[in-house]
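Asker: Residue numbers (this note's numbering), protein chains in the order written: chain Z, 787 to 1110; chain Y, 787 to 1110.
Below: one structure in C-alpha cells.
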C-alpha cells in the first residue's frame, strides 16, 4: 500500500478527523446496534470515497466543515450499499472479515443498511446540505437501477459494450462522481469546476469498475477475497469477455455464450477465463481503462498545481494498477 | 370493508389522484424494474398512510399539492420498508400475492427497496420539501432501530411492558405519526395543531401495532395471511403475553418463558396461545389499545368538526376493530 500512503499524505489529518466524526455519528443507545456498528467501523476499508471528497475539495479551494459533512455522507451511503450488497450476493466475507449477514444474519444486515442510509440523510438535513442530498439520492437511485439493469442484461445474455458502460456508469461511476462533485461543491461556487470535477469522477469510476472486472479474471482469490470467475458464475458479461467475443467469429462467440449459460463449475469457468485471455480480452479492457484514466488526468491537470492535484493524479493511476 | 369505504369518502378523489401520481413516479425505462413495479402497484394495500396524510391535512386546512407530495413520500418509504421486511422475514406472501422476494428473489427485493427509498427522497428534494424529509428520515432511522431493539430484547428474553412500548413506538408509531404530521404541515402553519396531530398519530400507531400483535394470537390465518403464533415462533414477546405473564406467579411466568425459548412447534405454540387467552392477555391488551384510541380521539375532537374529522374518528375505531 506504499502508493496509497503517499496519496493520503495531504489529507492525513482530515481522514483522522473523519474517522472520529464517522464513529460519533453512528453511536446509539441500542446495545446490539452498537456492537454491530463497532464491528463495521473496525473493518474500515481504504476510504477511497471520502478521500476523493477531501482531495477534490483541496484541489479547488480549502477543505472545511462542509467537506467533512460531505465525506461522512458519502461513506455512510457507500457502507449502507455494501452491507445490502453482501445480503443480495450472499457474500460471507468483506475486507478479510465476516460480512454482517454471515457474522449475524440477513435481518440485521438489511436493518443496519437502512439505518446507515437514514443516518446519511439526517447528517445532510441537520447541516442543511440539501445540494449534497440531491446528488447522493440521485446516485443511490442510479445504483439500484444499474444493478437491476445488470440482472436484466444477464438474463437476456446481451454482450454489448454500450450496455456494459450504461450499467457500470449507474452502479459504480455515479457514486464516485458524486463524491468528487460534493468535494468540489463544498469548497467553491465555481460551476465550471464542478462540471469538470464531476466528469473526472465519472471517468475514474468507470475505470475503477473495469479494473474490478479484470481482477475477477486475473486476481488471486486470496487477495481480492473472492474466487476467480465469480462474475462468470453469476453470468455477468463484463468488458474482458465482451472484447474477447469481438475477436472471434459469430459462431464461436455464440457457442461461448451458450457454454457460459449452461455451466457454472470451476473447471468450465476456467475454460472461459482462458478463452478471454487467449483472445486479448484482458489486454483490451485494461487499455480501455487506461484511456479513461488518461482523459481523467487531463481534466485534473487543467487545475492549478498543489499537493491535492498530485494525489488525485496518483490515485487515478492507482485505480487501474491495483491488484485488489 | 364497509367501514373503510365510509372513511375514504371525503378523500376518494385525492386517493385516485394519488394512485396516478404514485404510478407515474415509479415509471422507469428499465424493463425488469418496470415489471416489478407494476406488480407492486397492482398489489396495492389499504393505503392507510396516505389516507392519514390526506385526512389530517383536511382536518386543519385545505388539501393541496404539498399534501399530495407528502402522501407519495410516505407511501414510497412505507413500501420500501415492506419490501425489505419480506426479505428479512423470508415472507412468501404479501396482500394475498407472492412477495417480491418469492416472485423474483432477495437481490431484486433489496434493490427495489433501495430504489423506492431513493425515489421518496428525490420526490422530496424536487419539491423542496425538506421539512417532510427530516420527519421521514427520523422515522426511517427509528424504524430500523426499533426492529434491532426488538431482536436484542428477544435474545435477552425481556418481557417488560416499558420495553415493548419503546419498540412499537419506534418500529410502527413513528411512521404513522410522521404521516399525520406531514399532512398537518402541508395545510397549516399552526405549530400547536402540528404537535397535537403528531401525538394523535403516535397514539393510533401504538394501538395499530397492539392490534396486530393481538391478531397474531386470535386472527384466522387465511385472513391475515400469516399463521397464528408467528411472533411466538420468532420469540417476540408482545403485549398479550406480557399481560398474561403478569397474571401468574413468578415461577409459572419463568417456566412459560423457558418453554417458549425451547419450543417452536405448532402444538407447543398452541399451548402458549391458550395460556395467554386463559390469563386474560388478549382482553387486557385490547383494553390498552382501546385506551390509546380514546385518548387519540379526544385530541381530534378538539378540532372543528368537518367530514375529515369524522373519518379520522372512524379510522381510529377501525384500527382496533379490524380482523386483518
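Positions of the beta carbon are idealized from the N, C-alpha and C atoms, including for glycine.
(1) With H, G and I counted as helix, E and B as strand and the rest as coil, what does DSSP make of residue 838(Y)?
(2) Could you tell me whether the Cβ atoms of residue 990(Y) and residue 1026(Y) are closer together than 8 Å?
(3) Give me, in chain order, the residues of the same chain whose beta-carbon lies closer than 6 Å to that of residue 931(Z); leave out the 5 immediate sequence neighbours on both sides.
(4) I'd like to know if residue 1024(Z) contacts chain Y, where contact means its C-beta is closer than 8 Å to some C-beta of that chain.
(5) DSSP on residue 1095(Z), reduced to helix/strand/coil?
(6) Quick check: what's the CA-CA separation for residue 1042(Z) versus residue 878(Z)?
(7) On the CB-based measure, 16 or more other CB atoms within 10 Å of its CB, does residue 737(Z) come out buried or exposed?
(8) Where do the ends of the alpha helix (DSSP H) carrying residue 998(Z) lie?
(9) Flag residue 1093(Z) as yes if its beta-carbon sits less than 8 Å from any beta-carbon of chain Y, otherwise no.
(10) Going by the beta-carbon positions, is the gap between residue 972(Z) and residue 988(Z) smaller than 8 Å?
(11) Find out if the Cβ-Cβ distance for the pair residue 994(Y), residue 1063(Y) is shorter than 8 Å.
(12) Is any beta-carbon of chain Z found at less than 8 Å from that of residue 960(Y)?
(13) Once DSSP output is grouped into helix, strand and coil, what is the label at residue 812(Y)?
(14) Under a three-way DSSP split, which group does residue 933(Y) fall into?
(15) With a cut-off of 8 Å, does the C-beta of residue 951(Y) fall near any C-beta of chain Z?
(16) So, under 8 Å CB-CB, residue 894(Y) and residue 1023(Z) are touching, yes? Tell me the CB distance rounded to an integer number of Å.
(17) List the residues of chain Y whose Cβ lies closer than 7 Å to the Cβ of residue 940(Z), in chain order.
(18) State the start and end residues of the unbroken alpha helix (DSSP H) segment that holds residue 872(Y).
(19) So for residue 824(Y), helix, strand or coil by DSSP?
(20) Using C-beta distances below 6 Å, list every residue in its chain close to residue 870(Z), excluding the 5 sequence neighbours before and after it, in chain order.
(21) With burial defined as no fewer than 16 other Cβ atoms inside 10 Å of the residue's Cβ, what is the status of residue 918(Y): buried or exposed?
(22) So for residue 889(Y), helix, strand or coil by DSSP?
(23) Return the CA-CA distance between residue 806(Z) and residue 812(Z), expressed in angstroms with no decimal places.
(24) Quick check: is the beta carbon of residue 905(Y) nearer than 8 Å to any beta carbon in chain Z?
(25) What residue ranges within the region 1015-1063 of chain Z form continuous alpha helix (DSSP H) runs of no fewer than 4 residues, ordered along the chain?
(26) So with Cβ pairs under 8 Å, would you call residue 918(Y) a contact of chain Z?
(27) Residue 978(Z) to residue 1088(Z), Cα distance in whole Å?
(28) Determine the DSSP secondary structure at residue 952(Y), reduced to helix, strand or coil.
(29) Taking a contact to mean a Cβ-Cβ separation below 8 Å, would you say residue 954(Z) touches residue 1071(Z) in this structure?
(30) Can you pull the chain Z neighbours of residue 930(Y), defined as C-beta to C-beta under 8 Å?
(31) Taking Cβ positions only, does residue 810(Z) come closer than 8 Å to chain Y?
(32) If we ignore side chains and look at the alpha-carbon of each, how far apart do residue 808(Y) and residue 814(Z) end up?
(33) Looking at residue 1055(Y): is its Cβ nearer than 8 Å to the Cβ of residue 1019(Y)?
(34) Does the region 875-892 of chain Y touch the region 814-831 of chain Y, meaning 3 or more C-beta pairs lie closer than 8 Å?
(35) Compile a chain-ordered list of the residues in the region 803-828 of chain Z whose CB is closer than 7 Å to at least one CB of chain Y.
(36) Using only CA atoms, which one of 1030(Z), 1083(Z), 1077(Z), 1075(Z) lies nearest to residue 1060(Z)?
Answerer: Looking at the coordinates:
(1) Start at 1 with the first residue of the second chain, and residue 838(Y) comes out as number 52. It is helical.
(2) Reading the second chain from its first residue, position 204 is the one you call residue 990(Y). Reading the second chain from its first residue, position 240 is the one you call residue 1026(Y). Result no, Cβ atoms of residue 990(Y) and residue 1026(Y) do not sit closer than 8 Å.
(3) Here residue 931(Z) corresponds to residue number 145 of the first chain, with the count starting at 1. For residue 931(Z), where only same-chain residues beyond five positions count, the Cβ hits under 6 Å are 956.
(4) Here the question's residue 1024(Z) lines up with position 238 in the first chain. False, the Cβ-Cβ gap to chain Y never drops below 8 Å.
(5) Position 309 of the first chain, counted from the start, is the residue given in the question as residue 1095(Z). Residue 1095(Z) falls in the helix class under three-state DSSP.
(6) Taking the first residue of the first chain as 1, we reach residue 1042(Z) at position 256. Taking the first residue of the first chain as 1, we reach residue 878(Z) at position 92. Cα to Cα, the separation comes out at about 30 Å.
(7) A query on residue 737(Z) cannot be resolved here, the shown segment of chain Z reaching from 787 to 1110 and no further.
(8) Your numbering for residue 998(Z) matches position 212 in the first chain. Taken as a continuous stretch (DSSP letters only), the alpha helix (DSSP H) holding residue 998(Z) covers 977-1004.
(9) Stepping through the first chain from its first residue, residue 1093(Z) is reached at position 307. No, no contact with chain Y.
(10) Reading the first chain from its first residue, position 186 is the one you call residue 972(Z). Reading the first chain from its first residue, position 202 is the one you call residue 988(Z). Going by C-beta atoms, residue 972(Z) is not nearer than 8 Å to residue 988(Z).
(11) In the second chain, counting from the first residue as 1, residue 994(Y) sits at position 208. In the second chain, counting from the first residue as 1, residue 1063(Y) sits at position 277. No. Outside cutoff.
(12) Walking along the second chain from the start, residue 960(Y) turns up at place 174. Chain Z, which has no Cβ nearer than 8 Å to the Cβ of residue 960(Y), makes this no.
(13) For this step, residue 812(Y) is matched to residue 26 along the second chain. Three-state result, residue 812(Y): coil.
(14) In the second chain, residue 933(Y) corresponds to position 147, counting from 1. Residue 933(Y): helix per DSSP, three-state reduction.
(15) Here residue 951(Y) is taken as the residue at index 165 of the second chain, counted from 1. So no, residue 951(Y) is outside the interface.
(16) Position 108 of the second chain, counting from 1, holds the residue named residue 894(Y). Position 237 of the first chain, counting from 1, holds the residue named residue 1023(Z). Contact doesn't hold; Cβ gap of about 19 Å is too wide.
(17) Position 154 of the first chain holds residue 940(Z). What residue 940(Z) touches in chain Y: nothing, since even the nearest Cβ is about 10 Å away.
(18) The residue labelled residue 872(Y) in the question sits at position 86 within the second chain. First-last of the alpha helix (DSSP H) with residue 872(Y): 851-874.
(19) Taking the second chain and counting its residues from 1, the one referred to as residue 824(Y) is at position 38. Residue 824(Y) falls in the helix class under three-state DSSP.
(20) Translated into positions along the first chain, residue 870(Z) becomes position 84. Closer than 6 Å at the Cβ level, and outside the excluded window around residue 870(Z), lie 899.
(21) Numbered from its first residue, the second chain carries residue 918(Y) at position 132. Residue 918(Y) comes out buried.
(22) Translated into the one-based positions of the second chain, residue 889(Y) becomes position 103. Residue state, collapsed to three classes: helix.
(23) In the first chain, counting from the first residue as 1, residue 806(Z) sits at position 20. In the first chain, counting from the first residue as 1, residue 812(Z) sits at position 26. Roughly 10 Å between the two C-alpha positions.
(24) Within the second chain, residue 905(Y) is the residue found at index 119, counting from 1. True, the Cβ-Cβ gap to chain Z drops below 8 Å.
(25) 1016-1019, 1025-1032, 1036-1048
(26) Numbered from its first residue, the second chain carries residue 918(Y) at position 132. Cβ-Cβ to chain Z under 8 Å: no for residue 918(Y).
(27) Here residue 978(Z) corresponds to residue number 192 of the first chain, with the count starting at 1. Here residue 1088(Z) corresponds to residue number 302 of the first chain, with the count starting at 1. Answer to the nearest angstrom: the Cα atoms are 12 Å apart.
(28) Against the second chain, residue 952(Y) aligns to sequence position 166. Helix at residue 952(Y).
(29) The count along the first chain starts at 1 and reaches residue 954(Z) at position 168. The count along the first chain starts at 1 and reaches residue 1071(Z) at position 285. No, these two residues do not count as a Cβ contact at 8 Å.
(30) The residue you call residue 930(Y) lines up with position 144 of the second chain. Ordered by position in chain Z, the residues that pass the 8 Å Cβ test against residue 930(Y) are 897, 898, 900, 901, 904.
(31) Translated into the one-based positions of the first chain, residue 810(Z) becomes position 24. Judged by the 8 Å Cβ criterion, residue 810(Z) is not in contact with chain Y.
(32) Numbered from its first residue, the second chain carries residue 808(Y) at position 22. Numbered from its first residue, the first chain carries residue 814(Z) at position 28. So the two alpha carbons sit approximately 34 Å from each other.
(33) Reading the second chain from its first residue, position 269 is the one you call residue 1055(Y). Reading the second chain from its first residue, position 233 is the one you call residue 1019(Y). A contact, by the Cβ cut-off of 8 Å.
(34) yes
(35) 814, 816, 817, 818, 819
(36) Along the first chain, read from residue 1 onward, the residue named residue 1060(Z) stands at position 274. Of the listed residues, the one whose Cα sits closest to residue 1060(Z) is 1030(Z).
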